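Notes follow once the structure below has been shown.
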Amino acid sequence: MSSVERKNFIHTTVKENINKSLKMNLVKKTLIIMATLAMFWVLPWVWNLATDNPSRFPFVYYSSVVEAFGIRHMDGEEFVHSDSKGNTYSTDAFDSILPMLYYRQLANNGRLPDSLHGHEISPRIISRHNFFFRYRPLDQFKPQIALYPLFESMAPRVDIEMPGDVFRLTETLSFIDPVSNKVKPEKSQLFNQSLQRQGFVGPPRQVAGTPSTRKAYDEGYFIIDANANLFHLKMVNARPFVRKIALNEDVEPQWIATTEYHDRSFYGFLFTRDNRLFTINTHGYAIEEVPMPEFDYKKDNLLIMGNMFYWNVQVTSQRGAEVFALDARSRQKKDQIFFERTQGSALATQWFVPLELSFTSRNDAYVMPRIRIGGWQVLPFSLVLTLAYAFVCLKRRKEIKILPIMWIAVTGLAGFTAVILFNS
Amino acid sequence: MMRIMCIAGLVFSLAACGSGVNPDTESQHQETPVAVNIQQLLEMAPESIGSEVWVSGVVTHVCRHSGRRCFISDGENSIRIEATGNIYGFNNELQGTGIYVKGVVRERRLEAEFIEGLEIKALADMVDDDHNHDDGEHCSAELDNIREMKAWMQANNKNYFSVYFLDGTEYQVAD
Chain A
226 MSSVERKNFI
236 HTTVKENINK
246 SLKMNLVKKT
256 LIIMATLAMF
266 WVLPWVWNLA
276 TDNPSRFPFV
286 YYSSVVEAFG
296 IRHMDGEEFV
306 HSDSKGNTYS
316 TDAFDSILPM
326 LYYRQLANNG
336 RLPDSLHGHE
346 ISPRIISRHN
356 FFFRYRPLDQ
366 FKPQIALYPL
376 FESMAPRVDI
386 EMPGDVFRLT
396 ETLSFIDPVS
406 NKVKPEKSQL
416 FNQSLQRQGF
426 VGPPRQVAGT
436 PSTRKAYDEG
446 YFIIDANANL
456 FHLKMVNARP
466 FVRKIALNED
476 VEPQWIATTE
486 YHDRSFYGFL
496 FTRDNRLFTI
506 NTHGYAIEEV
516 PMPEFDYKKD
526 NLLIMGNMFY
536 WNVQVTSQRG
546 AEVFALDARS
556 RQKKDQIFFE
566 RTQGSALATQ
576 WFVPLELSFT
586 SRNDAYVMPR
596 IRIGGWQVLP
606 FSLVLTLAYA
616 FVCLKRRKEI
626 KILPIMWIAV
636 TGLAGFTAVI
646 LFNS
Chain B
355 MMRIMCIAGL
365 VFSLAACGSG
375 VNPDTESQHQ
385 ETPVAVNIQQ
395 LLEMAPESIG
405 SEVWVSGVVT
415 HVCRHSGRRC
425 FISDGENSIR
435 IEATGNIYGF
445 NNELQGTGIY
455 VKGVVRERRL
465 EAEFIEGLEI
475 KALADMVDDD
485 HNHDDGEHCS
495 AELDNIREMK
505 AWMQANNKNY
515 FSVYFLDGTE
525 YQVAD
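Chains as they are written, first to last, in our numbering: chain A, 226 to 649; chain B, 355 to 529.
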C-alpha cells in the first residue's frame with residue numbers, strides 16, 4: 226500500500242469511526258431520554274405501591290334515638306362503637322341507637338320499637354324510606370355509549386320490559402331497531418315534535434337515566450340540552466311525554482344522577498357547576514338544595530345515606546371525611562362531624578422527581594398521559610445525586626461530562642437512573 | 355380510472371340519499387281533536403251514556419298509587435277519567451296539564467237509600483264527642499254535598515243521583 230493509499234485508508238477509517246461514534250452517542254442520548262421519561266412513570270408508581278397507606282375513616286350514621294352521630298371504628302382488630310357525645314356502646318346497644326340502619330337485626334331480636342318520634346315504624350316502612358346514594362367522579366367522567374332504551378312508564382304488567390329499540394339523541398332524536406340497524410321514522414318524528422315544542426336544543430350535554438329493567442318503576446330520562454336547559458322525557462302509553470323543567474338562574478346543571486327510590490319523593494340528584502347539590506322533586510319538579518360539606522364534583526366522593534328522619538351526607542376529599550346530618554323533611558343541618566385524613570405517602574415523590582407521569586386517574590375512566598409537575602423540593606436530592614454521579618465517575622476514572630451532570634440536576638432520580646444504566 | 359371513481363362516487367351518494375329520513379316529508383303532526391268541555395259533557399251526559407266523546411280539561415288530580423284514575427276540571431266542573439283501552443295509566447306529572455281525552459260516557463247511580471245512609475253517617479260523625487274542629491268542617495262540606503244531591507233528585511223527580519264519569523281510551527296532551 227502506497228503512502229497516499231495508507232493515508233486515505235487511515236482518513237476513511239477515522240471518519241467511519243467518528244461517524245459510528247456520533248451515531249452511538251445519538252442512540253445513547255435517545256435511550257437516556259426515553260429511560261428518564263419511563264422513570265417518571267415507574268418510580269412514583271413503585272413508590273406509591275410500596276408505601277401507600279389508604280386512610281380509613283370511621284363509619285358514621287346519625288342516630289334518631291340519641292340525636293348524635295353513631296361512630297364505628299377499628300381499634301386494632303376490634304370494632305369500637307361510640308357516639309359523638311363520647312359515649313361507648315356494646316354491639317347490641319349500638320344496634321339500638323341506630324334502628325334506621327340495623328332494623329332487620331332489631332326486628333329479628335324483637336327489639337325494634339313500633340314507633341319513633343311519633344311515627345309508626347316497621348321493617349317495611351323503614352326500608353321504603355331508606356336509600357343509599359354514592360357518587361364518585363368516575364361515575365361522571367367515563368366514556369358512555371350514547372344509545373338508550375326508552376321503557377314504557379305505564380306498563381300494563383308489573384315488570385318493566387325491554388322496549389325492543391333504543392334511541393340516540395344528537396340534534397334530533399332517532400329510534401333505532403338494533404336488529405335491522407334502521408331508524409324508525411314515525412316514532413322518531415313523534416318524539417322529536419314533543420322535544421321541539423318544549424324548546425329542546427341539541428346536542429345534549431347529558432342524557433341521564435337508569436337503562437335497566439331491574440327497578441321498581443321507570444321515570445324515563447332527564448336531559449341537559451346544549452343551552453343547559455333541563456328536560457324530562459319519558460314514554461307514557463306509547464306516546465312521548467316531555468317537560469321542560471324551570472331552573473333558577475343561579476342553577477347551572479353539570480350532571481344528573483337519576484334514582485328510582487321506593488318512596489318516589491324525588492327523581493334524582495342534580496349537580497351544578499358551582500359544586501352544589503339539588504334534588505329534583507316529584508311535586509311539580511321543584512328543585513331543592515341539599516346542604517353539604519365543601520365538595521368538588523371533579524375530585525371528591527359523596528355518600529348520602531337517607532332515612533325517614535335524617536340524611537347523612539358525607540363528602541370524602543383530600544382533606545378528610547366530613548358528614549352533615551340533615552333533617553329529612555326540612556333539609557336543615559342538624560349536626561356535623563369531620564375526620565381529618567392521615568397523611569398519605571403519595572406526595573413524597575415530589576422530593577425525588579420533578580414531575581410525575583401517569584396514564585390513569587381514580588377520578589375518571591380515561592387512559593391518557595397526565596403530568597403533575599412538582600416544585601423546588603426536588604433540588605436538594607438532585608444535588609446529592611449529581612455529587613454521587615461525579616463520585617462514581619471519579620471512581621471509574623472517567624471524565625466528568627457536563628451534560629449528564631445537568632441532566633441529573635434537572636431530572637432527579639429518574640435521570641440519574643437512566644444515566645447510570647445507559648451512559649457506560 | 356378517475357372517471358370510474360367519479361361515477362362510482364356519484365352512484366354511492368345517490369344511494370345514500372335514498373336511505374336517509376327526511377323529517378319534512380314524513381312529518382306526523384298530531385291534530386287537535388274536536389272536543390267538548392266538561393260543562394257541555396255533563397249537559398249531554400244523560401243522553402250519551404255508552405257513547406264515545408272527546409272532552410278537554412286540566413288535570414287536577416292523578417291517583418298517586420296506580421295512576422289508574424285522574425280528574426279533569428274546567429275550573430267549575432270536574433269529571434273522573436278511568437284508565438282503560440290504550441291508557442294503561444296516568445302519570446303524576448300530568449297534574450296541571452291540559453289534555454284531550456277520548457272515552458265512553460258512563461253513569462253510576464247513587465240510589466236514594468244509599469244517599470240517606472250517607473247522610474245518617476255524616477250526621478253521626480258531626481255529633482261524635484271526640485270530633486275536632488277540622489273534622490267538623492269536613493262533615494259540614496259532606497252534608498252540603500248530600501243535601502245538594504237530594505235537592506237535585508227532588509227537582510228532577512228522581513230517586514237516584516247520577517255521577518257521570520268517562521272510561522278513557524286514549525288521550526293527548528294539549529299544546
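Note that the Cβ used here is the ideal one computed from N, Cα and C, for glycine as well.
Note that the structure is a prediction, hence the values are computed from the model and not measured.
Of all C-beta pairs linking the segment 285-302 of chain A to the segment 384-393 of chain B, fewer than three are shorter than 8 Å, placing the two stretches out of contact. Each residue's CA atom was taken as its position, placing arginine 460 of chain B and tryptophan 408 of chain B some 14 Å apart. One thing to note: arginine 418 of chain B has its Cβ no nearer than 8 Å to the Cβ of phenylalanine 519 of chain B.
Alanine 380 of chain A has a beta carbon lying within less than 8 Å of a beta carbon in chain B.
Using a Cβ distance threshold of 8 Å, proline 381 of chain A and tyrosine 525 of chain B do not count as a contacting pair. Threonine 636 of chain A sits in a helix when the DSSP states are folded into three classes. For alanine 466 of chain B, the enclosing alpha helix (DSSP H) begins and ends at 466-480. In the three-state scheme derived from DSSP, where H, G and I count as helix and E and B as strand, methionine 299 of chain A is classed as strand. Look at cysteine 424 of chain B here: in three-state DSSP terms it is strand.
Taking 4 residues as the minimum length, the alpha helix (DSSP H) runs contained wholly in the segment 386-456 of chain A are 410-422, in order along the chain. By the C-beta criterion, the segment 610-618 of chain A is judged not to be in contact with the segment 227-245 of chain A, since fewer than 3 inter-stretch pairs fall below 8 Å.
Under the three-state reduction of DSSP, threonine 414 of chain B is assigned to strand.
Take histidine 415 of chain B, set aside five residues on each side of it, and the residues of its chain with a beta-carbon closer than 8 Å to its own are Cys424, Phe425 and Gln449, in chain order. For valine 285 of chain A, the enclosing beta strand (DSSP E) begins and ends at 284-287. Taking 9 Å as the upper bound on Cβ-Cβ separation, chain A lies near residues Ala437, Asn440, Ile441, Tyr442, Gly443, Phe444, Asn445, Asn446, Glu447, Leu448, Gln449 and Gly450 of the segment 433-450 of chain B. Below the 8 Å Cβ cutoff, chain A contributes Arg422 as neighbours of aspartate 529 of chain B, in chain order. A contact is defined here as three or more CB-CB pairs under 8 Å, and the segment 495-502 of chain A meets this definition with respect to the segment 510-524 of chain A. Contact check for isoleucine 448 of chain A against tyrosine 510 of chain A fails: the beta carbons are separated by 8 Å or more.
Residues of the segment 441-469 of chain A with a C-beta less than 8 Å from any C-beta of chain B: His457, Lys459, Val461, Asn462, Ala463, Arg464, Phe466 and Arg468, listed in chain order.
For the options B:Asn445, B:Ala437 and B:Glu496, the alpha carbon positioned closest to that of glycine 522 of chain B is the one of B:Ala437.
DSSP, read as helix, strand or coil, puts tryptophan 272 of chain A in helix.
Contact between phenylalanine 357 of chain A and phenylalanine 564 of chain A does not hold, since their C-beta atoms are separated by about 19 Å, which reaches or exceeds 8 Å.
Judged by their CB atoms, alanine 634 of chain A and serine 607 of chain A are nearer to each other than the 8 Å cut-off. Taking 8 Å as the threshold, the shortest C-beta distance from glycine 522 of chain B to chain A does not fall below it. Against chain B, a Cβ distance below 9 Å from threonine 507 of chain A picks out Asn446 and Glu447. Against chain A, the CB of glycine 452 of chain B has no partner CB under 8 Å away; the residue lies outside that interface. In the three-state scheme derived from DSSP, where H, G and I count as helix and E and B as strand, glutamine 330 of chain A is classed as helix.
Annotated as distal: tyrosine 327 of chain A and proline 348 of chain A, with beta-carbon spacing of 8 Å or more. Remark: C-beta atoms of histidine 354 of chain A and asparagine 462 of chain A do not approach each other more closely than 8 Å. Counting along the chain, alanine 550 of chain A sits inside the beta strand (DSSP E) bounded by residues 545-552. The beta carbon of glycine 421 of chain B sits closer than 8 Å to some beta carbon of chain A. Residues Lys253, Ile257 and Pro629 of the same chain have their beta carbon placed closer than 8 Å to that of asparagine 648 of chain A, with the five preceding and five following residues left out of the count.
B:Tyr514 is the residue among B:Val412, B:Tyr514 and B:Ile453 whose C-alpha sits nearest the C-alpha of proline 400 of chain B. With fewer than three CB-CB distances shorter than 8 Å, the segment 399-406 of chain A does not count as touching the segment 422-434 of chain A. When only Cα atoms are considered, phenylalanine 549 of chain A and asparagine 537 of chain A end up about 6 Å apart.
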